[in-house]
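Q:
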Amino acid sequence: MHQFKFYNPVKILFGPGQIANVAANIPQGSKVMLVYGGGSIKKNGIYAQVTQALSGFEYVEFPGVEANPKYETLMKAVELVRKEKVDFLLAVGGGSVIDGTKFIAAATYFEGEDPYVICTERARIGKALPLASVLTMPATGSEMNCGGVISRLSTQEKFAFSSPLLFPRFSVLDPSVTKTIPPRQRGNGVVDAFVHVTEQYLTCPAHGDIQDRFSEAILHVLLDNGDAYVNDPGDMDAASNIMWACTMALNGLIAAGVPEDWSTHRIGHEITALAGLDHGQTLAVVWPGVQREMASGKHEKQKQYAARVWNTADVEEALAKTEDFFRRMGVGTRFSDYPQVQDPQGLIDAIVERFKVRETLLGENADIDYRKTRAILESRK
Ligand code: NZQ
Ligand code: ZN
């Protein structure tokens with residue numbers, strides 16, 4: 016295990032009824048901006064609960080943050096924050112709304128011409144507005160981490176950013192809000208969390224026993240509850256377990272002191288940016304290719320994964336069963352599952368060209384270059 020520093024200040028309010036406690040956790044006298052997405056919260060009663068909880072505060076609203084939140088939209092929110100002198104941001108939504116709110120928090124105080132460099136050049140974030148979240152969909156873990164991912168329409172780019180200043184002050188995790196999530200988004204969320212865990216686990220051995228056993232536990236919980244969660248919106252035990260598993264999958268705990276391989280995500284972000292696939296869908300396509308193409312470096316941990324998660328000595332069997340699980344979650348694992356990708360070869364060529372120009376190196380050993388990326392993607396047609 017390497018040296019590590021573990022820091023996570025996010026207060027979690029878990030369980031039904033917790034939305035009402037939002038008010039007690041926002042500093043008195045704050046001027047709040049309520050940030051949300053395309054309107055699902057108005058149909059399922061979450062908006063009514065949140066606005067009721069905010070009744071003692073002065074607040075403005077910023078609706079319309081898209082899935083894969085757009086820089087262009089978020090900059091309009093920054094204008095509103097400045098005009099209205101907002102001093103607290105409350106995100107009510109999935110990963111996109113929470114990530115978008117983190118970008119607004121950082122961009123508001125950005126000193127420089129264009130806050131987009133927070134993403135492209137990892138420019139330092141010196142100050143940020145305080146934020147909190149009411150999570151409406153388990154998936155990304157954004158509710159308990161300090162990162163975000165922003166897309167830019169004008170350049171078809173999708174880049175990540177992070178800063179310790181962007182941890183939510185608190186996050187409400189009420190599993191009953193999941194009842195209205197459509198099946199496609201349920202499956203996406205389970206796959207996202209599953210892949211998050213593996214990207215901190217299927218690398219090279221580091222003898223982080225706590226991290227490994229914890230990762231395996233999260234994977235088991237996703238496998239045990241995934242089917243019920245995707246097929247039965249009324250199963251609140253399944254929803255609760257999936258929600259907590261997704262949060263634990265990316266809050267820093269299982270990454271502490273061990274190697275990480277975010278190649279599936281990095282390649283997946285390009286697929287979303289260029290072809291519009293959902294985040295979870297891109298991961299289900301890329302993951303099997305990464306595992307097989309990079310098998311030599313990952314072999315020890317893949318053997319451990321096969322034995323402890325799938326109860327087999329056969330790594331290939333474990334990988335095939337993982338892919339079956341993704342498909343059972345309703346998430347296609349090949350480009351051919353997505354008719355909207357009309358020209359898979361053109362898409363692969365475009366991603367490879369981007370990585371070549373950017374001299375991108377991915378993986379725990381920084382040995383996934385544009386050539387390996389091509390091999391990974393070609394195997395997923
Ligand atoms: O916009 P509305 O109308 O609210 O509908 C949303 C959206 O269309 C809907 N939804 C959310 N909660 C619902 C609901 N519909 C009915 N009932 C509810 N309770 O679901 C759709 C998708 O929402 P979105 O927030 O886009 O999904 P997700 O949570 O999967 O977030 C994906 C984004 O997060 C980024 C991804 O790249 C992507 O941009 N990620 C963020 C990470 C982080 N900050 O740590 C890590 C992840 O790896 C990921 O990259
Ligand atoms: Zn993800």
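In the numbering used here, the protein residues as written are 16 to 396. Virtual Cβ for every residue (Gly too), placed ideally from N, Cα, C.
1. Compare the C-alpha of E136 against each of I383, K98, K318, R373 and name the closest.
2. Can you give the beta carbon distance from V103 to P145, rounded, assuming they're within the 8 Å contact cut?
3. Between the beta-carbon of A106 and the beta-carbon of G71, is there less than 7 Å?
4. Skipping 5 residues on each side, what residues in its chain have a beta carbon closer than 6 Å to that of K85?
5. I need the straight-line Cα distance from N256 to V367, nearest angstrom please.
6. Would you check if the distance between the CB atom of V187 and the CB atom of Q64 is smaller than 7 Å?
7. Please list, in chain order, all residues of the same chain as M258 whose beta carbon is under 6 Å from its beta carbon, the five residues on each side excluded.
8. Does Y385 come out as helix, strand or coil in the three-state DSSP assignment?
9. On a CA-only basis, which of D352, D384, G109 is nearest G54? Give me that one, please.
10. Between the C-alpha atoms of I282 and L289, what's the straight-line distance to the nearest angstrom?
11. Who's in the neighbourhood of the ligand ZN, going by beta-carbon under 7 Å from any heavy atom, listed in chain order?
12. With hydrogens ignored, establish whether the beta-carbon of V164 is closer than 6 Å to any heavy atom of the ligand NZQ.
13. Just the Cα atoms here: how many angstroms apart are F229 and D239?
14. CB T348 to CB E338, shorter than 7 Å?
15. Mind reading off the beta-carbon distance from T116 to V50? Whole number of angstroms is fine, and I expect it under 8 Å.
16. Taking 6 Å as the cut-off, is the C-beta of N83 nearer than that to any heavy atom in the ligand NZQ?
17. By the DSSP assignment, the alpha helix (DSSP H) with E231 in it spans what residues?
18. Around the Cβ of P354, are there at least 16 other Cβ atoms within 10 angstroms (buried) or fewer (exposed)?
19. Considering only their Cβ atoms, is the gap separating L234 from V205 smaller than 7 Å?
20. Rounded C-beta distance between L298 and V210? I'm assuming under 8 Å.
21. Three or more beta-carbon pairs under 8 Å between the segment 170-186 and the segment 208-222, yes or no?
22. Would you say the beta carbon of I257 comes nearer than 6 Å to a heavy atom of the ligand NZQ?
23. Could you tell me the alpha carbon to alpha carbon distance between G295 and A35, rounded to whole angstroms?
24. By the three-class DSSP mapping on this structure, what secondary structure does M48 have?
25. Going by the C-beta, is V192 closer than 6 Å to any heavy atom of the ligand NZQ?
26. Excluding the 5 residues preceding and the 5 following P359 in the sequence, name in chain order all residues of the same chain whose CB lies nearer than 6 Å to its CB.
27. Using only CA atoms, which one of S278, F21, F340 lies nearest to R389?
28. Please go through the same chain and pick out, in chain order, the residues whose beta-carbon is closer than 6 Å to the beta-carbon of A122, but skip the five residues on each side of it.
29. Can K173 and T88 be called in contact, C-beta distance under 7 Å?
30. Just to confirm before moving on: does the CB-CB distance between L392 and I383 stay below 7 Å?
A: If we stick to the structure as given:
1. Residue mapping note: residue 136 aligns to position 121 of the sequence shown, counting from 1. E136 has its Cα closest to that of R373, out of I383, K98, K318, R373.
2. One-based indexing of the sequence shown puts residue 103 at position 88. One-based indexing of the sequence shown puts residue 145 at position 130. It is worth fixing the name first, because residue 103 is Phe in this sequence and not Val. Going by Cβ atoms, the distance from F103 to P145 rounds to 5 Å, so yes, they are a contact pair.
3. Position 91 of the sequence shown, counted from the first residue, corresponds to residue 106. Position 56 of the sequence shown, counted from the first residue, corresponds to residue 71. No, the pair does not count as a contact, with Cβ atoms beyond the cut-off.
4. As a first step, residue 85 is located in the sequence shown; it is residue number 70 there, counting from the start. Excluding positions up to five away in sequence, the list reads S166, L168.
5. Counted from its first residue, the sequence shown places residue 256 at position 241. Counted from its first residue, the sequence shown places residue 367 at position 352. About 38 Å.
6. Here residue 187 refers to the residue found at position 172 of the sequence shown. Here residue 64 refers to the residue found at position 49 of the sequence shown. It is not a contact, given that the beta carbons lie outside the stated cut-off.
7. In the sequence shown, residue 258 corresponds to position 243, counting from 1. So the list reads P153, L188, P190, once near-sequence residues are dropped.
8. As a position in the sequence shown, residue 385 is number 370, starting the count at 1. Reduced to three states, the DSSP call for Y385 is helix.
9. Your numbering for residue 54 matches position 39 in the sequence shown. Of D352, D384, G109, the residue nearest in Cα terms is G109.
10. If you number the sequence shown from 1, residue 282 lands on position 267. If you number the sequence shown from 1, residue 289 lands on position 274. Across the structure, I282 and L289 are spaced so that their CA atoms are roughly 11 Å apart.
11. T155, D207, V210, H211, H280, H294, L298
12. Mapped onto the sequence shown, residue 164 falls at position 149. True, at least one ligand heavy atom lies under 6 Å from that Cβ.
13. Counting from 1 along the sequence shown, the entry for residue 229 is found at position 214. Counting from 1 along the sequence shown, the entry for residue 239 is found at position 224. For F229 and D239, the distance between alpha carbons rounds to 15 Å.
14. Here the question's residue 348 lines up with position 333 in the sequence shown. Here the question's residue 338 lines up with position 323 in the sequence shown. Contact: yes.
15. What you label residue 116 is simply residue 101 of the sequence shown in a count that begins at 1. What you label residue 50 is simply residue 35 of the sequence shown in a count that begins at 1. Between V50 and T116 the Cβ distance is about 5 Å, and since that is below 8 Å, they are a contact.
16. For the purposes of this step, residue 83 is taken as residue 68 along the sequence shown, with counting starting at 1. Within the cutoff, so yes.
17. Within the sequence shown, the letter at position 216 stands for residue 231. Segment 224-246, the alpha helix (DSSP H) holding E231.
18. By one-based count along the sequence shown, residue 354 stands at place 339. That one is exposed.
19. On the sequence shown, residue 205 is found 190 positions in, with the first residue counted as 1. On the sequence shown, residue 234 is found 219 positions in, with the first residue counted as 1. Not in contact: V205 and L234 (Cβ atoms no closer than 7 Å).
20. Position 283 of the sequence shown, counted from the start, is the residue given in the question as residue 298. Position 195 of the sequence shown, counted from the start, is the residue given in the question as residue 210. Right, their Cβ atoms sit about 4 Å apart.
21. no
22. Residue 257 sits at position 242 when you count from the first residue of the sequence shown. Result no, Cβ not under 6 Å from the ligand NZQ.
23. Sequence index remark: in the sequence shown, residue 295 carries index 280 (1-based). Sequence index remark: in the sequence shown, residue 35 carries index 20 (1-based). Looking at the two C-alpha atoms, the distance is approximately 31 Å.
24. Counting from one through the sequence shown, the residue named residue 48 turns up at place 33. Three-state DSSP puts M48 in a strand.
25. In the sequence shown, residue 192 corresponds to position 177, counting from 1. Yes, since a heavy atom of the ligand NZQ falls inside the 6 Å radius drawn around the Cβ of V192.
26. Along the sequence shown, one-based indexing puts residue 359 at 344. Excluding five sequence positions before and after P359, the CB atoms of its chain that fall closer than 6 Å to its own CB belong to F350, K396, given in chain order.
27. To locate residue 389, count along the sequence shown from 1; it is residue 374. Considering only alpha carbons, the answer is S278.
28. One-based indexing of the sequence shown puts residue 122 at position 107. Closer than 6 Å at Cβ, skipping near neighbours: V93, P130.
29. Residue numbering aside, residue 173 sits at position 158 when the sequence shown is read from its first letter. Residue numbering aside, residue 88 sits at position 73 when the sequence shown is read from its first letter. Not closer than 7 Å, so no.
30. Along the sequence shown, one-based indexing puts residue 392 at 377. Along the sequence shown, one-based indexing puts residue 383 at 368. Result no, Cβ atoms of L392 and I383 do not sit closer than 7 Å.
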